[in-house]
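Novice: Residue numbers (the working numbering): 4 to 159.
Take a look at this one; I'll ask things after.
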């Protein structure tokens with residue numbers, strides 16, 4: 004009989020679970036969670052210039068691209084994968100994530116799509132989709148900038 008291995012953490016010799024409160028990678032505020040990094044935390048602490056290996060109370064954790072609750076309320080969270088999931092095939096690999104401000108999304112996305120994505124808490128898109136979305140967002144920003152400039156010259 005093969006015994007299923009339970010999730011575990013390798014403890015730090017000096018710092019035990021080496022807990023820290025992760026900082027949101029988008030806004031930089033503390034998340035409402037505790038990360039127990041154990042021995043991996045020793046290595047991260049040393050990279051942060053803490054030779055004793057003890058993590059600070061608040062830490063930006065490399066590779067963490069999950070937004071905090073506040074960012075999720077005000078933005079649409081997109082998870083970018085290398086390819087879209089197929090019914091039969093390898094699992095897609097996560098390559099990143101980004102937030103799109105909820106307030107500007109209807110300017111260049113179908114409002115029905117925005118509502119469905121917000122209901123689900125985000126969406127998974129492939130790299131091509133991320134490029135297209137970024138291009139559309141940049142175009143909307145550029146158009147808004149041009150409108151602002153033309154409005155400000157009318158006042159003069």
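We put the CB at the ideal spot given by N, CA and C, even for glycine.
#1: Going by alpha carbons, who is nearest to residue 73 out of 130, 52 and 104?
#2: Here's a check: name, in chain order, each residue in its chain whose Cβ is nearer than 6 angstroms to the Cβ of residue 61, leaving out the five neighbours to either side.
#3: Taking C-beta to C-beta, are residue 129 and residue 99 nearer than 8 angstroms?
#4: Are at least three pairs of beta-carbons, each pair with one atom in the segment 79-93 and one in the segment 48-56, less than 8 angstroms apart?
#5: Just the C-alpha distance for residue 125 and residue 97, rounded to the nearest angstrom, thanks.
#6: Could you give the distance in angstroms between the alpha-carbon of residue 110 and the alpha-carbon of residue 119?
#7: Which whole runs of the alpha helix (DSSP H) in the segment 45-86 are 4 residues long or more, in chain order?
#8: Taking DSSP as the reference, what is the three-state secondary structure of residue 140?
#9: With DSSP as the reference, label residue 25 as helix, strand or coil.
#10: Roughly how many angstroms lie between the CA atoms of residue 122 and residue 17, to the nearest whole one?
#11: Taking the C-alpha atoms as reference points, what is the distance between residue 35 and residue 28?
#12: Quick one: using the 10 Å Cβ neighbour count with 16 as the cut-off for buried, is residue 147 buried or exposed?
#13: Identify the continuous beta strand (DSSP E) that holds residue 104 and give its terminal residues.
Specialist: According to the structure shown:
#1: Taking the first residue of the chain shown as position 1, residue 73 is located at position 70. For the residues 130, 52 and 104, the minimum Cα distance to residue 73 belongs to 104.
#2: Here residue 61 refers to the residue found at position 58 when the chain shown is read from its first residue. 24, 26 and 33, listed in sequence order.
#3: In the chain shown, the residue the question calls residue 129 occupies position 126. In the chain shown, the residue the question calls residue 99 occupies position 96. Residue 99 is positioned such that its CB atom lies no closer than 8 angstroms to that of residue 129.
#4: no
#5: Reading the chain shown from its first residue, position 122 is the one you call residue 125. Reading the chain shown from its first residue, position 94 is the one you call residue 97. Looking at the two C-alpha atoms, the distance is approximately 14 angstroms.
#6: The count along the chain shown starts at 1 and reaches residue 110 at position 107. The count along the chain shown starts at 1 and reaches residue 119 at position 116. Residue 110 and residue 119: Cα-Cα distance of roughly 16 angstroms.
#7: 72-77
#8: Here residue 140 refers to the residue found at position 137 of the chain shown. Correct three-state label for residue 140: helix.
#9: Position 22 of the chain shown, counted from the start, is the residue given in the question as residue 25. If DSSP states are grouped into helix, strand and coil, residue 25 belongs with the strands.
#10: Numbered from its first residue, the chain shown carries residue 122 at position 119. Numbered from its first residue, the chain shown carries residue 17 at position 14. Spanning the two alpha carbons is a distance of roughly 44 angstroms.
#11: In the chain shown, residue 35 corresponds to position 32, counting from 1. In the chain shown, residue 28 corresponds to position 25, counting from 1. Approximately 13 angstroms, taken between the alpha carbons.
#12: As a first step, residue 147 is located in the chain shown; it is residue number 144 there, counting from the start. Exposed is the call here.
#13: Numbered from 1 along the chain shown, position 101 holds the residue referred to as residue 104. Where residue 104 is concerned, the enclosing beta strand (DSSP E) stretches over 97-104.
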